[in-house]
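*Asks:* Numbering (my numbering) for the sequence shown: 1231 to 1333.
We treat Cβ as the ideally placed atom computed from N, Cα and C, and that holds for glycine.
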Amino acid sequence: GPVEPEATLEEEPLLGGGTEGPVAACFGQAAGWEMPLCDETRRSFVSLRRAAFPRRTLQSWFQRLSEKIEWNQPKVGLRRLPRSAAWLTAQGCRCTYRYSGTA
């Protein structure tokens, strides 16, 4: 059916990472931010800042996240997908990971 519009950013601001979002809209191109996805109807945004961290820092973070987070291979029916996913939520959240027929 038709997509029900979400609250606008003015009605319900996005908050995360200690700042109001989307980050690219707040800090802009002058600070090196891009916004390749801006879908206000679904409140879906992507803020991107290329080369923001040194390669060594990124490798260290990747290693730590690979070891410390419980990664799973989602299933569609009986078939496992060829990717890993981790569902990170606030403590006490009972949200279920669902995406394109996965559970």
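With 16 as the cutoff for other CB atoms within 10 Å, does P1243 come out buried or exposed?
*Replies:* With fewer than 16 Cβ atoms within 10 Å of its Cβ, P1243 is classed as exposed.
*Asks:* To the nearest angstrom, how far is it from the Cα of A1282 to the Cα of R1309?
*Replies:* Rounded to whole angstroms, A1282 to R1309 spans 37 Å at the Cα level.
*Asks:* Would you say the segment 1252-1266 touches the segment 1289-1302, given that touching needs at least three Cβ pairs under 8 Å?
*Replies:* They do not touch, by the three-pair rule.
*Asks:* Evaluate P1252 with the Cβ neighbour count: other Cβ atoms within 10 Å of its Cβ, from every protein chain shown; 16 or more gives buried, anything less gives exposed.
*Replies:* Buried, by the Cβ-count rule.
*Asks:* Roughly how far, in whole angstroms, is the beta-carbon of E1300 from the beta-carbon of A1316, given that I think they are within contact range, below 8 Å?
*Replies:* That pair is a contact at about 6 Å.
*Asks:* In three-state terms, what does DSSP make of L1278?
*Replies:* Strand at L1278.
*Asks:* Excluding the 5 residues preceding and the 5 following T1319 in the sequence, name in chain order all residues of the same chain whose CB lies nearer than 6 Å to its CB.
*Replies:* Closer than 6 Å at Cβ, skipping near neighbours: C1325.
*Asks:* Output needed for S1274: all residues of its chain with C-beta closer than 7 Å, excluding positions within five of it in sequence on either side, in chain order.
*Replies:* The residues are L1267.
*Asks:* Relative to the C-alpha of S1314, which residue among P1235, R1279, A1261, Q1303 is closest?
*Replies:* Nearest of P1235, R1279, A1261, Q1303 to S1314, Cα basis: Q1303.
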